[in-house]
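Residue numbers (the working numbering): 2 to 345.
All C-beta atoms in this analysis are idealised placements derived from N, C-alpha and C, irrespective of residue type, glycine included.
To start, the structure itself, in structure tokens.
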Amino acid sequence: MRRCAARSPQPWRIAALYGMVALLALAAACSGDGGKGRLLFGQSEGIVEYTLDGGAEKLLIAPIGGNNITLRDPALSPDGKRLAYLHAFPLRSRDKKFDASTDLWIANRDGSDAHAGYAHDTFNQLVLFPAWLDNQHVLAIVRVSPDAMSLNGVVYTLERIDVGTGERKRLLTDVLDFGLSRDRTQIVYSQYAPGVPARLMLADIDTAGGDISNGRSLVSGDQHLWPFTSPRFSPDGKTIAFGAPDQAAAISAARYVTSQREPATETRSLHGFPQDIWLVDAAGGAARRLATLQVDDPALSFSGDGRLLYVFSTAGVDDIDLRSGAVRHLRDSKQLQTRLQWTR
Numbered sequence: 002m003r004r005c006a007a008r009s010p011q012p013w014r015i016a017a018l019y020g021m022v023a024l025l026a027l028a029a030a031c032s033g034d035g036g037k038g039r040l041l042f043g044q045s046e047g048i049v050e051y052t053l054d055g056g057a058e059k060l061l062i063a064p065i066g067g068n069n070i071t072l073r074d075p076a077l078s079p080d081g082k083r084l085a086y087l088h089a090f091p092l093r094s095r096d097k098k099f100d101a102s103t104d105l106w107i108a109n110r111d112g113s114d115a116h117a118g119y120a121h122d123t124f125n126q127l128v129l130f131p132a133w134l135d136n137q138h139v140l141a142i143v144r145v146s147p148d149a150m151s152l153n154g155v156v157y158t159l160e161r162i163d164v165g166t167g168e169r170k171r172l173l174t175d176v177l178d179f180g181l182s183r184d185r186t187q188i189v190y191s192q193y194a195p196g197v198p199a200r201l202m203l204a205d206i207d208t209a210g211g212d213i214s215n216g217r218s219l220v221s222g223d224q225h226l227w228p229f230t231s232p233r234f235s236p237d238g239k240t241i242a243f244g245a246p247d248q249a250a251a252i253s254a255a256r257y258v259t260s261q262r263e264p265a266t267e268t269r270s271l272h273g274f275p276q277d278i279w280l281v282d283a284a285g286g287a288a289r290r291l292a293t294l295q296v297d298d299p300a301l302s303f304s305g306d307g308r309l310l311y312v313f314s315t316a317g318v319d320d321i322d323l324r325s326g327a328v329r330h331l332r333d334s335k336q337l338q339t340r341l342q343w344t345r
């Protein structure tokens, strides 16, 4: 029996094959949704939808009940059909004390059928930072204090709220901020109590009842990062982004921070705790600085492919490239504190 020698591939075929592989890799890299989609956030006129590709802005929900009411912190339900957001009342004086309250409201994705999902039931009660656990329940921090102008006696509780009945279930105390993984099986939260060092915690969460277990410290006080703002899981759940000031650095009690893009005639914002953006692996390890922004109250949201991190702050809206740390300014701010949500 004759055996035929194996034919070696011709060089041009090898070159063509490598070229096809390179093109496929480039197509995969460019097919992500970083830089595309929409951002939902609150402005003075209501909840708006900002188109990343082109910069068009559309008003989805206007305040009901007067010009002094503001809307903020929109969150999209897992099925993409409904929005949860906050209905914030102006600061008022009642019984010789200052009173400030917020209600949790629900609307369809297009802004229709806006109604209260939970109305505050006590003096000076704030519902904060809503996030959907499932299509019927929202997690939120409920803050109650004797007086809106004092921090004495303030109680922070993470609760699960049924948006159909308004029923509340207490989950954790001393929680100042939090974020959920995409599959809603993990929660990252900032926990602080008087006399206890602040920590960024990671835990498991029961999607059926909201019960939280297996809490472990992710970023502790020895890294000198606090307070932790807007912790957010990357889409793959492997990385957590958050805002925080570097307490180990020399930070003055108050400073005027002006970006290069602001004209010299514009009014400056007074910053007391300018924050940068940090990353930490969900598996543990030291936090690392992604970008030096030095802004107040940054709100974060990942693009769907995890390539970009969007930041809403007093400086406006920026995006940060997760690979390079490069920051790009998208729009200026109208000086309203709000959380934001990326969506297709």
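| query | How far does the beta strand (DSSP E) with F303 in it reach, from first residue to last? | reply | Against the sequence shown, residue 303 aligns to sequence position 302. Here the beta strand (DSSP E) through F303 covers A300 to F303.
| Every unbroken beta strand (DSSP E) within the segment 94-176, with a cutoff of 3 residues, ordered by chain | 98-100, 103-109, 116-119, 126-133, 138-145, 156-163 and 169-174
| task | Name the residue from D322, R161 and V312 whose alpha carbon lies nearest to the alpha carbon of T230. | result | The residue labelled residue 230 in the question sits at position 229 within the sequence shown. Here the closest residue by C-alpha is V312.
| In its own chain, which residues sit with a C-beta less than 7 Å from the C-beta of K59, not counting the 5 before and 5 after it? | As a position in the sequence shown, residue 59 is number 58, starting the count at 1. So the qualifying residues of the chain are V49 and E50.
| said: In the DSSP output, what is T344 paired with across the bridge? | reply: Sequence index remark: in the sequence shown, residue 344 carries index 343 (1-based). T344 is bridged to R39.
| query | Looking only at DSSP bridge pairs, what is G180 linked to? | reply | Translated into positions along the sequence shown, residue 180 becomes position 179. Looking at the DSSP assignment, G180 forms a beta bridge with V189.
| field | Separation of F303 from R200, as counted between CA atoms | value | Here residue 200 corresponds to residue number 199 of the sequence shown, with the count starting at 1. Here residue 303 corresponds to residue number 302 of the sequence shown, with the count starting at 1. Approximately 22 Å, taken between the alpha carbons.
| message | Helix, strand or coil, according to DSSP, for S325 in the structure here? | response | Here the question's residue 325 lines up with position 324 in the sequence shown. Of the three classes helix, strand and coil, the one that applies to S325 here is coil, per DSSP.
| Considering only C-alpha positions, which residue in the set R83, N125, H116 and L84 is nearest to K97? | Walking along the sequence shown from the start, residue 97 turns up at place 96. Here the closest residue by C-alpha is N125.
| message | Does G216 come out as helix, strand or coil in the three-state DSSP assignment? | response | Looking up residue 216 in the sequence shown gives position 215. It is a strand residue.
| message | Looking only at its chain, what residues have a beta carbon closer than 6 Å to the beta carbon of S235, apart from the 5 residues adjacent to it on each side? | response | Translated into positions along the sequence shown, residue 235 becomes position 234. So the qualifying residues of the chain are F303 and G307.
| request: Can you tell me which of D54, S45, E46 and R185 puts its alpha carbon nearest to the alpha carbon of G35? | output: As a first step, residue 35 is located in the sequence shown; it is residue number 34 there, counting from the start. The residue with the shortest Cα to Cα distance from G35 is D54.
| What's the call for T71, buried or exposed, on a 16-neighbour Cβ count within 10 Å? | Indexing the sequence shown from 1 puts residue 71 at position 70. With 16 or more Cβ atoms within 10 Å of its Cβ, T71 is classed as buried.
| message | Could you compute how far the alpha carbon of D178 sits from the alpha carbon of R161? | response | The count along the sequence shown starts at 1 and reaches residue 178 at position 177. The count along the sequence shown starts at 1 and reaches residue 161 at position 160. So the alpha carbons of these two residues sit roughly 14 Å apart.
| request: Tell me whether T240 is buried or exposed, calling it buried when 16 or more other Cβ atoms sit within 10 Å of its Cβ. | output: The sequence position of residue 240 within the sequence shown is 239, counting from 1. Burial call: buried.
| Run through DSSP, which three-state label would G81 get? | What you label residue 81 is simply residue 80 of the sequence shown in a count that begins at 1. In this structure, G81 counts as coil in the three-state DSSP scheme.
| task | Please report how far the alpha carbon of I278 lies from the alpha carbon of L323, in whole angstroms. | result | Locating residue 278 in the sequence shown gives position 277, where the first residue counts as 1. Locating residue 323 in the sequence shown gives position 322, where the first residue counts as 1. I278 and L323: Cα-Cα distance of roughly 11 Å.
| field | I213 vs V176 beta-carbon contact at 7 Å | value | Residue numbering aside, residue 213 sits at position 212 when the sequence shown is read from its first letter. Residue numbering aside, residue 176 sits at position 175 when the sequence shown is read from its first letter. No; because the gap between Cβ atoms is not below 7 Å, this pair is not in contact.
| said: DSSP has G244 in a bridge; who is on the other side? | reply: Position 243 of the sequence shown, counting from 1, holds the residue named residue 244. Paired residues: T230 and I278.
| Residue nearest to W227 in terms of C-alpha spacing, selected from H88, V197, A316 and A76 | For the purposes of this step, residue 227 is taken as residue 226 along the sequence shown, with counting starting at 1. If we check each option's Cα against that of W227, V197 comes out closest.
| said: Between which residues of its own chain and P91 is the CB-CB distance below 6 Å, once the five residues before and five after are set aside? | reply: For the purposes of this step, residue 91 is taken as the residue at position 90 of the sequence shown. So the qualifying residues of the chain are N69.
| request: Would you tell me roughly how many angstroms separate the C-alpha atoms of L127 and D135, rounded to the nearest one? | output: Along the sequence shown, one-based indexing puts residue 127 at 126. Along the sequence shown, one-based indexing puts residue 135 at 134. Going from the Cα of L127 to the Cα of D135 covers about 22 Å.
| message | On the DSSP letters alone, give me the boundaries of the beta strand (DSSP E) that T52 sits inside. | response | By 1-based counting over the sequence shown, the position of residue 52 is 51. Where T52 is concerned, the enclosing beta strand (DSSP E) stretches over G47 to T52.
| Straight-line CA distance for V156 to D80? | In the sequence shown, residue 156 corresponds to position 155, counting from 1. In the sequence shown, residue 80 corresponds to position 79, counting from 1. Near 32 Å, if we compare the C-alpha coordinates of D80 and V156.
| said: Between V296, R329, D320 and G326, which has its C-alpha nearest S314's C-alpha? | reply: Within the sequence shown, the letter at position 313 stands for residue 314. Selected option, being the one with the closest Cα: V296.
| query | From A204, V281, A249 and R95, pick the residue whose C-alpha is nearest to that of G216; which is it? | reply | In the sequence shown, counting from the first residue as 1, residue 216 sits at position 215. Among A204, V281, A249 and R95, the Cα nearest to that of G216 belongs to A204.
| said: Out of I321, R345, A316 and R340, which one is the CA nearest neighbour of R332? | reply: Here residue 332 refers to the residue found at position 331 of the sequence shown. With distances taken between Cα atoms, R332 lies closest to A316.
| said: Which residue wins for smallest C-alpha separation from T123, given the options L129, S102 and L61? | reply: For the purposes of this step, residue 123 is taken as residue 122 along the sequence shown, with counting starting at 1. Checking every option, the nearest Cα to that of T123 belongs to S102.
| request: Quick one: residues in its chain with C-beta nearer than 6 Å to the C-beta of A254, no 5 flanking neighbours on either side, listed in chain order? | output: Against the sequence shown, residue 254 aligns to sequence position 253. Note that A254 has pLDDT 41, beneath the 50 cutoff, so the model's placement of it is unreliable and no number is given.
| query | Got a sec? Which residues, its chain only, sit under 7 Å from A249 by beta carbon, not counting five neighbours each side? | reply | Taking the sequence shown and counting its residues from 1, one reaches residue 249 at position 248. Closer than 7 Å at the Cβ level, and outside the excluded window around A249, lie H225.
| field | Beta-carbon proximity check, R144 vs T339, cutoff 7 Å | value | Translated into the one-based positions of the sequence shown, residue 144 becomes position 143. Translated into the one-based positions of the sequence shown, residue 339 becomes position 338. Contact flag unset, no.
| request: Could you tell me if D184 is buried or exposed, where buried requires 16 or more neighbouring beta carbons within 10 angstroms of its beta carbon? | output: Taking the first residue of the sequence shown as 1, we reach residue 184 at position 183. Label assigned to D184: exposed.
| task | Could you give the DSSP three-state label for G66: helix, strand or coil? | result | The residue labelled residue 66 in the question sits at position 65 within the sequence shown. In the structure shown, G66 sits in coil (DSSP, three-state: anything other than H, G, I, E or B).
| task | Compute the distance between the beta-carbons of V139 and A85, then report whether it is under 7 Å. | result | Counting from one through the sequence shown, the residue named residue 139 turns up at place 138. Counting from one through the sequence shown, the residue named residue 85 turns up at place 84. Yes, the pair counts as a contact, with Cβ atoms nearer than the cut-off.
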